[in-house]
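K.L.:
Quick note, our numbering runs 87 ahead of the 1-based positions in the sequence shown. Glycine included, C-beta positions come from ideal geometry on N, C-alpha and C. None of the values given here were measured: they were computed from a predicted structure. Got a structure here, written out as structure tokens. Questions coming.
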Amino acid sequence: MAPRDSIGHGYLRLCRGIGDNRKIVSWRNMDTQAKRKEMQASGMSTFVGKSVIVTGSNSGLGECTALMFASRGANVTVCGRDVIRLKNVLDKCRTVAQEAGHKSKFLSVAGDMNESAHREDVIEKTVAEFGQLDVLVVNHGVVKPTMTLDDVTEDKFDAMFDTNVKSGLFLIKAAVKHLEASKGCVVVNSSNASTVACAMLMPYIVSKAAVDHLVRCLALDLGPRALNKQRWVVVVVVVVVVVVVVVVVVVVVVIVVVVVVVQ
88 MAPRDSIGHG YLRLCRGIGD NRKIVSWRNM DTQAKRKEMQ ASGMSTFVGK SVIVTGSNSG
148 LGECTALMFA SRGANVTVCG RDVIRLKNVL DKCRTVAQEA GHKSKFLSVA GDMNESAHRE
208 DVIEKTVAEF GQLDVLVVNH GVVKPTMTLD DVTEDKFDAM FDTNVKSGLF LIKAAVKHLE
268 ASKGCVVVNS SNASTVACAM LMPYIVSKAA VDHLVRCLAL DLGPRALNKQ RWVVVVVVVV
328 VVVVVVVVVV VVVVIVVVVV VVQ
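So, in structure tokens, the structure goes:
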């Protein structure tokens, strides 16, 4: 993905979709109009007026994802544990948005996702600043190399699962009410390591496999909520229509009876 100093070198690579690098758009010494044309030609959608949280966005894939949303006009909250890097990413987001002709707003919230107070803080500050939450990108995670069965301890294992699985789950839980209000969505970054076996990365691989299955379970849990709401809306509309029809019929019958009696 895009290197940390990509903006400083006037070079930005934007993926067509999160985790989809089948089609890359490269910008180098192009004016704003040309950038917009290339974005439109590539089928890239805009997020103007949308608000996005990208966790773990002080470097790597999270940084690239934040820049991608910034370039498409979204209001973006970047968060991570490194305050200095977050400031650099925030500056890059502003630069990218300005070059693309957007007037987006950006927010930086530093802290540890393993702390429930910080998770709530990220959500509430985003909604307070932007007015809503449309997309939550759960990108944060850790990997510790060379952790075989001989190396792993309960503390190390718990720390891996707390960061890679537990914190993401409860961040999503904190955000659900706002995402339901905006009919938004959640994007969870996993890894193809979840499908392979490697003794050297055992706790990490197992945690990513857990993330994959967590998303499947959340899809079953959260998916029907919107569907049920739509069904209730349909039921309410049908009931209202039926009531109106009954009232109209009753009024017509009354009028007819009155007319007949008068005659």
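Mind checking Thr250: buried by the 16 CB within 10 Å criterion, or exposed?
P.N.:
The residue you call residue 250 lines up with position 163 of the sequence shown. Under this definition Thr250 is a buried residue.
K.L.:
Rounded C-beta distance between Leu154 and Lys179? I'm assuming under 8 Å.
P.N.:
Mapped onto the sequence shown, residue 154 falls at position 67. Mapped onto the sequence shown, residue 179 falls at position 92. Going by Cβ atoms, the distance from Leu154 to Lys179 rounds to 6 Å, so yes, they are a contact pair.
K.L.:
Which of the three DSSP states is assigned to Asn251 in this structure?
P.N.:
Looking up residue 251 in the sequence shown gives position 164. Reduced to three states, the DSSP call for Asn251 is helix.
K.L.:
So, using beta-carbon positions, are Val222 and Thr164 closer together than 8 Å?
P.N.:
One-based indexing of the sequence shown puts residue 222 at position 135. One-based indexing of the sequence shown puts residue 164 at position 77. No. Outside cutoff.
K.L.:
Please classify Ile342 as buried or exposed, where buried requires at least 16 neighbouring CB atoms within 10 angstroms.
P.N.:
Position 255 of the sequence shown, counted from the start, is the residue given in the question as residue 342. Result: exposed.
K.L.:
For the alpha helix (DSSP H) containing Cys180, name the first residue and the last one.
P.N.:
Within the sequence shown, the letter at position 93 stands for residue 180. Run containing Cys180: 170-186, per the alpha helix (DSSP H) assignment.
K.L.:
Per DSSP, Thr63 forms a beta bridge with which residues?
P.N.:
Outside the shown range of the chain (88 to 350) lies residue 63, about which nothing can therefore be said.
K.L.:
Grab the span of the alpha helix (DSSP H) containing Leu154 for me, first residue to last.
P.N.:
Numbered from 1 along the sequence shown, position 67 holds the residue referred to as residue 154. 147-158 is the span of the alpha helix (DSSP H), which, as asked, contains Leu154.
K.L.:
Which runs of the beta strand (DSSP E), 3 residues or longer, sit entirely within the segment 210-277?
P.N.:
Fully enclosed beta strand (DSSP E) runs of 3 or longer: 222-225, 272-275.
K.L.:
Using a Cβ-Cβ cut-off of 6 Å (strictly less than) and excluding sequence neighbours within five positions of Gly143, which residues of its own chain qualify?
P.N.:
Residue mapping note: residue 143 aligns to position 56 of the sequence shown, counting from 1. Excluding positions up to five away in sequence, the list reads Gly149, Gly167, Asn226, His227.
K.L.:
What three-state label does DSSP hand Asp308 in the structure shown?
P.N.:
On the sequence shown, position 221 is the one that residue 308 refers to. Correct three-state label for Asp308: helix.
K.L.:
If you measure from the beta carbon of Asp208 to each beta carbon in chain C, is any gap under 8 Å?
P.N.:
The structure shown contains no chain C, having only a single protein chain.
K.L.:
Report the rounded CA-to-CA distance for Ala197 versus Leu173, giving the unit in angstroms.
P.N.:
Mapped onto the sequence shown, residue 197 falls at position 110. Mapped onto the sequence shown, residue 173 falls at position 86. Taking the straight line from one Cα to the other gives about 8 Å.
K.L.:
With distance defined between alpha-carbon atoms, name the residue in Thr133, Val239, Asn276, Val139 nearest to Val252.
P.N.:
Taking the first residue of the sequence shown as position 1, residue 252 is located at position 165. Checked all of Thr133, Val239, Asn276, Val139; the closest Cα to Val252 is Asn276.
K.L.:
Use the C-beta contact count for Leu288: other C-beta atoms within 10 angstroms, 16 or more gives buried, fewer gives exposed.
P.N.:
Locating residue 288 in the sequence shown gives position 201, counting from the first residue. The residue is buried, with at least 16 neighbouring Cβ atoms inside 10 Å.
K.L.:
Please report the straight-line C-alpha distance between Ala157 and Asp237, rounded to a whole angstrom.
P.N.:
As a first step, residue 157 is located in the sequence shown; it is residue number 70 there, counting from the start. As a first step, residue 237 is located in the sequence shown; it is residue number 150 there, counting from the start. Rounded to whole angstroms, Ala157 to Asp237 spans 44 Å at the Cα level.
K.L.:
Whose C-beta lies closer than 8 Å to the C-beta of Glu207 among residues of the same chain, with five residues either side of it excluded?
P.N.:
As a working note, residue 207 is residue 120 in the sequence shown. Around Glu207: Ala261.
K.L.:
In this structure, does DSSP put Val283 in helix, strand or coil?
P.N.:
As a position in the sequence shown, residue 283 is number 196, starting the count at 1. Of the three classes helix, strand and coil, the one that applies to Val283 here is coil, per DSSP.
K.L.:
On a CA-only basis, which of Gln185, Met247, Ile140, Gly218 is nearest Val38? Give me that one, please.
P.N.:
With the chain covering only 88 through 350, there is no way to say anything about residue 38.
K.L.:
Keeping to the same chain, check which residues put their C-beta closer than 6 Å to that of Gly255; ignore five residues upstream and five downstream.
P.N.:
The residue you call residue 255 lines up with position 168 of the sequence shown. Cβ within range, chain order: Val225.
K.L.:
How long is the line joining the alpha carbons of Val239 and Glu202, rounded to whole angstroms?
P.N.:
The sequence position of residue 239 within the sequence shown is 152, counting from 1. The sequence position of residue 202 within the sequence shown is 115, counting from 1. Taking the straight line from one Cα to the other gives about 23 Å.
K.L.:
In whole angstroms, give me the CA-to-CA distance for Leu177 and His300.
P.N.:
To locate residue 177, count along the sequence shown from 1; it is residue 90. To locate residue 300, count along the sequence shown from 1; it is residue 213. Cα to Cα, the separation comes out at about 32 Å.
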